[in-house]
């Protein structure tokens with residue numbers, strides 16, 4: 001992936017537009033009832049094995065409404081891509097979350113953990129030829 005397509009745009013304006021769009025959503029991106037469950041799970045993280053933490057996190061994610069899940073998939077895919085190219089973008093996962101946290105609302109650790117485990121939380125289905 002190259003970022004040459006962005007050379008014609010002011011990246012700060014693009015980021016500002018995304019932040020404004022998210023901020024204007026009527027509710028936080030991850031519904032409050034899901035966010036609260038993830039927070040309760042996170043409080044137990046020191047008593048859980050990493051695999052157990054992930055499995056429980058993933059189970060809670062399955063209760064996210066479909067439209068929200070799809071938006072979250074796209075948003076986290078973008079943030080994951082930005083963070084994985086931090087040598088070019090100068091943005092690691094924590095920077096991405098810090099910049100968007102006020103607009104996203106909710107608990108920042110949820111987004112940090114979700115980006116870190118993006119490919120497991122949002123597995124890409126293999127395309128079957130027709």
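In full-length UniProt numbering, the protein residues as written are 1 to 130. Here a beta-carbon is modelled for each residue, glycine too, at the ideal position from N, C-alpha and C.
Please state the DSSP three-state secondary structure of residue i.
i           : result
residue 12  : helix
residue 90  : coil
residue 35  : helix
residue 77  : helix
residue 58  : helix
residue 107 : coil
residue 29  : coil
residue 45  : helix
residue 20  : helix
residue 40  : helix
Check whether the Cβ atoms of residue i and residue j lie closer than 8 Å to each other.
i           : j           : result
residue 107 : residue 80  : no
residue 82  : residue 30  : no
residue 115 : residue 96  : yes
residue 71  : residue 120 : no
residue 60  : residue 76  : no
residue 122 : residue 73  : yes
Return the CA-CA distance between residue i and residue j, expressed in angstroms with no decimal places.
i           : j           : result
residue 111 : residue 8   : 29 Å
residue 23  : residue 17  : 10 Å
residue 124 : residue 58  : 15 Å
residue 92  : residue 85  : 8 Å
residue 20  : residue 103 : 7 Å
residue 113 : residue 10  : 29 Å
residue 94  : residue 101 : 10 Å
residue 48  : residue 26  : 34 Å
residue 51  : residue 44  : 13 Å
How many whole angstroms separate the CB atoms of residue i and residue j, which I take to be in contact at a CB cut-off of 8 Å?
i          : j          : result
residue 41 : residue 56 : 5 Å
residue 36 : residue 28 : Incorrect: roughly 11 Å between the Cβ atoms, too far for contact.
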